[in-house]
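J.: The working numbering applies: residue 1201 is where the sequence shown begins, and numbers increase by one. A virtual CB, placed ideally from N, CA and C, is assigned to each residue, including glycine.
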Amino acid sequence: MKKTAILLILSLAFIQCKNNNLTKELIVHKEVGFIADSAMVVSAREEASKIGVEIMKQGGNAFDASIATSLALAVAYPYAGNIGGGGFMVYRKNDGAIGSIDYREKAPLAATKDMYLDKEGNVIPDKSTLGAMAVGVPGAISGLFDIHEKFGSLPFEKLIQPAIDLANKGVVVTQKQEKVNNKYRPLFEKANGRTILLDKAWKAGDTIKYPALAATLTRIRDHGRDEFYKGKTAAMLVDYVQNLGGIITKEDLEKYQAKWRKPITFTYDGNKIISMSPPSSGGICIAQILKSIEPFNIEQYQHNSTKYIQLITEASRRAYADRSHFLGDPDFVNIPVDSLIASDYLAKRMLDFNWNKATLSSDITHGNLTFSESDETTHLSIVDQFGNAVSITTTINGAYGSKVYIEEAGFFLNNEMDDFSSKPGEPNMFGLIGAEANAIVPQKRMLSSMTPTIVEKNGKLKMVLGSPGGSTIITSVMLNILNVLEYDMTMQESVSKPRFHHQWMPDNIKFEPAFDTLVFPSLKKLGYQIDQSNSPVIGKVDAILILPNGKLEGGADPRGDDKAAGF
Ligand code: DON
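#1: Among all the DSSP beta bridges, which residues are the ones paired with F1612?
#2: Touch check for the region 1482–1500 and the region 1509–1516: three-plus C-beta pairs under 8 Å?
#3: Taking the alpha-carbon positions, what's the Y1508 to L1682 distance?
#4: Measuring only from the beta carbon, is P1668 closer than 7 Å to any heavy atom that is part of the ligand DON?
#5: In angstroms, rounded to a whole number, what distance separates the CA positions of M1436 and E1608?
#6: As a quick exercise: from K1740, G1281, Y1291 and A1236, pick the residue whose alpha carbon is nearest that of S1591.
#7: Distance, Cα to Cα, K1400 vs Q1377?
#8: By the DSSP assignment, the alpha helix (DSSP H) with N1471 in it spans what residues?
#9: Excluding the five sequence neighbours on either side, which residues of its own chain have a C-beta within less than 8 Å of the C-beta of T1467, listed in chain order?
#10: Who are the near neighbours of N1446 in its chain, counting only those whose CB is closer than 7 Å to its CB and skipping five residues on each side?
#11: Tell me the DSSP secondary structure of E1573 in three-state form.
#12: Could you check whether the Cβ of M1705 sits closer than 7 Å to any heavy atom belonging to the ligand DON?
#13: Over the uninterrupted alpha helix (DSSP H) stretch that includes R1385, give me the two end residues.
#14: Which two residues bound the contiguous beta strand (DSSP E) that contains Y1508?
#15: Quick one: what's got a C-beta closer than 7 Å to D1469's C-beta in the same chain, skipping five residues either side?
#16: In terms of DSSP beta bridges, what is A1764 paired with?
#17: Report the option in I1347, L1413 and L1752 whose CA atom is closest to the CA atom of V1664.
#18: Just to confirm before moving on: does the CB-CB distance between G1587 and A1458 stay below 8 Å?
#19: According to the Cβ coordinates, are L1546 and D1452 closer than 8 Å?
#20: Using the DSSP secondary-structure output, state which residues sit across from Y1456 in a beta bridge.
#21: Is DSSP giving F1630 helix, strand or coil here?
#22: With 8 Å as the threshold, decide whether the Cβ of D1762 is near any Cβ in chain B.
#23: Report all residues from its chain with a CB closer than 8 Å to the CB of P1411; omit the five preceding and five following residues, and keep chain order.
#24: At a threshold of 7 Å, does S1648 count as lining the ligand DON (C-beta to nearest heavy atom)?
#25: Would you mind working out which of A1756, S1328 and G1598 sits nearest G1285, comparing C-alpha positions?
#26: Under the rule that 16 or more other beta-carbon atoms within 10 Å means buried, what is N1762, buried or exposed?
#27: The ligand DON heavy atoms versus the CB of T1675: any closer than 7 Å?
#28: Please list the terminal residues of the continuous alpha helix (DSSP H) segment that includes K1491.
#29: Is it true that the region 1529–1544 meets the region 1636–1645, where meeting means three or more beta-carbon pairs spaced less than 8 Å apart?
#30: Give, in chain order, every unbroken run of the beta strand (DSSP E) that is at least 3 residues long and sits entirely within the region 1668–1735.
#31: Pull up the DSSP beta-bridge partners for D1302, would you.
#32: Please return the same chain residues whose Cβ sits closer than 7 Å to the Cβ of R1759, not counting the five positions on each side in sequence.
#33: How many Å lie between L1226 and A1297 at the Cα?
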């Protein structure tokens, strides 16, 4: 095990679990992640994590580091890191102040509700996922500049320079990158009508230089935020997209503005959880699932046992049904947030849960609430030497987004429009179905599952985490919270554990290939459908745990090239 240590805890007696009589083995192997004294970045690429750490070594705070790391990911991890997409940040400052910013993409002004339907009202295959029509108005640069304006302590030029240098110097291709690049190559030409930089048989060990992206980042360094939304880069983007038949205009870019929002907060088992509010469904869904299972005292069930999977599946089924009906952009639809995460409402939702039989998703609809009407992503977790914490999830949606790559400007554009509900009841690329609340409207933000999250215990920072994975993001974050809070796992052990997922529709439980199949017969007997074919990995969680001695433990997901760095 390269940088992870194996800690052997020898105990002469059985170790008693917190509040129950479960026993653990005599010898417990605990996989411990990278440990740092005071500051840490965990992200999808080592280069990006190191750049964030370097910024903190120069005296920068977690916000500075998050900007530098995000921009470095746009270079080192074109699969998901981006300036052509959007994201969310949740923060907790060292004085306990919390907040979040939404820099999610928006539907262009010329978007229409039925833009992905043919004359017969059927969804046109690929139109919302591949090519220029799939692109939402990017929010990433607006978000990073707003974060800097409010919390940055070093000049922006200093934060963007490492990404420029990295783009000029080049990034070494990893094995995993070689694999995904080869997989998606055929789509690059399809989306762009030409070959692009990545449309080559790049091999692990090759170095790819990104001069066009370096030039774009340099212009942003020199001219600021407006370069992307009003300057040369804006003109390049609009020309490129329109030449490919897309509908984004100069006005769309000029109008884009990131938004500070109040995060979702709730308590679970004495911990305060801080997560993203709409237009992300993450915070509300995770609150619904955790608060639905809270009365059951989940730690009495063995981790990943039939009962554990059953309880979480039933809570998830109900939460995702609510997601589909109630959630969308809060600037366009009213969302009964408080009612949706209220314990009494959730207890009622769980009343028909039966230990002896799976509930059918076809028998579940959204809850009854009256209220007034009026493939790619990446996560980074940061704690700085001052005790500030930042949790950012950012995305271009699918792998390499829409595959539209502005060759001259050196970056991919998102295919975030697919996160809208193209047609009620019709699944998107993550199998999620939506309703009116998430219908396409010009300038509206599409519903997200991104769940950048921070956990606090007794008024102190405890954990920072998040994940990519589309609809499985919510589950991945929730399972990791349980792994640590209920099963005392180390952060690294937690992120490495095999995962499962249920999202109401389709009515099956997805399992990672590494999941122990021993539980399958009992689940099948109870009426659960098992799907182990369709999900090679569920999420890629990057997380930081604050240890009792104040040190930081990184959890870098082995499913990717993810890496923790710090000091
Ligand atoms: O915002 C969302 O929920 C999706 N666009 C996230 C996409 C994603 O995580 C893809 N990664 N596997």
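T.: This is what the structure holds:
#1: Residue numbering aside, residue 1612 sits at position 412 when the sequence shown is read from its first letter. Looking at the DSSP assignment, F1612 forms a beta bridge with Y1605.
#2: yes
#3: Locating residue 1508 in the sequence shown gives position 308, counting from the first residue. Locating residue 1682 in the sequence shown gives position 482, counting from the first residue. Inter-residue distance for Y1508 and L1682 is about 11 Å (C-alpha atoms, whole angstroms).
#4: Sequence index remark: in the sequence shown, residue 1668 carries index 468 (1-based). Indeed, a heavy atom of the ligand DON lies less than 7 Å from the Cβ.
#5: The residue you call residue 1436 lines up with position 236 of the sequence shown. The residue you call residue 1608 lines up with position 408 of the sequence shown. Near 8 Å, if we compare the C-alpha coordinates of E1608 and M1436.
#6: Here residue 1591 corresponds to residue number 391 of the sequence shown, with the count starting at 1. Cα-wise, what sits closest to S1591 is Y1291.
#7: Translated into the one-based positions of the sequence shown, residue 1400 becomes position 200. Translated into the one-based positions of the sequence shown, residue 1377 becomes position 177. Computed Cα separation, rounded: 12 Å.
#8: Translated into positions along the sequence shown, residue 1471 becomes position 271. Unbroken run through N1471 is the beta strand (DSSP E), N1471 to S1475; no alpha helix (DSSP H).
#9: Counting from 1 along the sequence shown, the entry for residue 1467 is found at position 267. Closer than 8 Å at the Cβ level, and outside the excluded window around T1467, lie I1473.
#10: Stepping through the sequence shown from its first residue, residue 1446 is reached at position 246. The identity of residue 1446 in the sequence shown is Gly, whereas the question assumes Asn. Same-chain partners within the cutoff: A1332, M1333 and V1335.
#11: Sequence index remark: in the sequence shown, residue 1573 carries index 373 (1-based). A caution first: E1573 carries a pLDDT of 47, below 50, which makes its placement in the model too unreliable to give a value.
#12: The sequence position of residue 1705 within the sequence shown is 505, counting from 1. Every heavy atom of the ligand DON is 7 Å or more from the Cβ of M1705, so no.
#13: Reading the sequence shown from its first residue, position 185 is the one you call residue 1385. Taken as a continuous stretch (DSSP letters only), the alpha helix (DSSP H) holding R1385 covers Q1375 to N1392.
#14: Taking the sequence shown and counting its residues from 1, one reaches residue 1508 at position 308. Looking at the DSSP string, Y1508 is not in any beta strand (DSSP E); the run it does join, the alpha helix (DSSP H), is T1506 to F1526.
#15: One-based indexing of the sequence shown puts residue 1469 at position 269. Around D1469: E1494 and L1685.
#16: Position 564 of the sequence shown, counted from the first residue, corresponds to residue 1764. Answer is V1242, bridged to A1764.
#17: Position 464 of the sequence shown, counted from the first residue, corresponds to residue 1664. Nearest option by C-alpha distance: L1752.
#18: As a first step, residue 1587 must be located in the sequence shown, where it is residue number 387. As a first step, residue 1458 must be located in the sequence shown, where it is residue number 258. Taking 8 Å as the cut-off, the Cβ atoms of G1587 and A1458 do not count as close.
#19: Against the sequence shown, residue 1546 aligns to sequence position 346. Against the sequence shown, residue 1452 aligns to sequence position 252. It is not a contact, given that the beta carbons lie outside the stated cut-off.
#20: Locating residue 1456 in the sequence shown gives position 256, where the first residue counts as 1. In the DSSP output, where bridge partners are listed per residue, Y1456 has none listed.
#21: Indexing the sequence shown from 1 puts residue 1630 at position 430. It is coil, neither helix nor strand.
#22: Within the model displayed, chain B is absent; a lone protein chain is all it includes.
#23: By one-based count along the sequence shown, residue 1411 stands at place 211. Closer than 8 Å at Cβ, skipping near neighbours: A1367, N1368 and G1610.
#24: One-based indexing of the sequence shown puts residue 1648 at position 448. Yes, Cβ of S1648 sits closer than 7 Å to a heavy atom of the ligand DON.
#25: For the purposes of this step, residue 1285 is taken as residue 85 along the sequence shown, with counting starting at 1. Measuring C-alpha to C-alpha distances from G1285 to each of A1756, S1328 and G1598 identifies G1598 as the nearest.
#26: Locating residue 1762 in the sequence shown gives position 562, counting from the first residue. The amino acid at residue 1762 is misidentified as Asn; the sequence shows Asp. A residue is called buried once 16 or more other Cβ atoms fall within 10 Å of its Cβ, and D1762 is buried on that count.
#27: If you number the sequence shown from 1, residue 1675 lands on position 475. No, the ligand DON has no heavy atom inside 7 Å of this Cβ.
#28: The residue given as residue 1491 occupies position 291 in the sequence shown. Counting along the chain, the alpha helix (DSSP H) containing K1491 begins and ends at G1482 to I1493.
#29: yes
#30: 1709–1711
#31: On the sequence shown, residue 1302 is found 102 positions in, with the first residue counted as 1. F1288 and K1459.
#32: Residue mapping note: residue 1759 aligns to position 559 of the sequence shown, counting from 1. Only V1737 and K1740 meet the Cβ criterion.
#33: The count along the sequence shown starts at 1 and reaches residue 1226 at position 26. The count along the sequence shown starts at 1 and reaches residue 1297 at position 97. Note that L1226 scores a pLDDT of 35, beneath 50, so its modelled location is shaky and nothing firm can be said.
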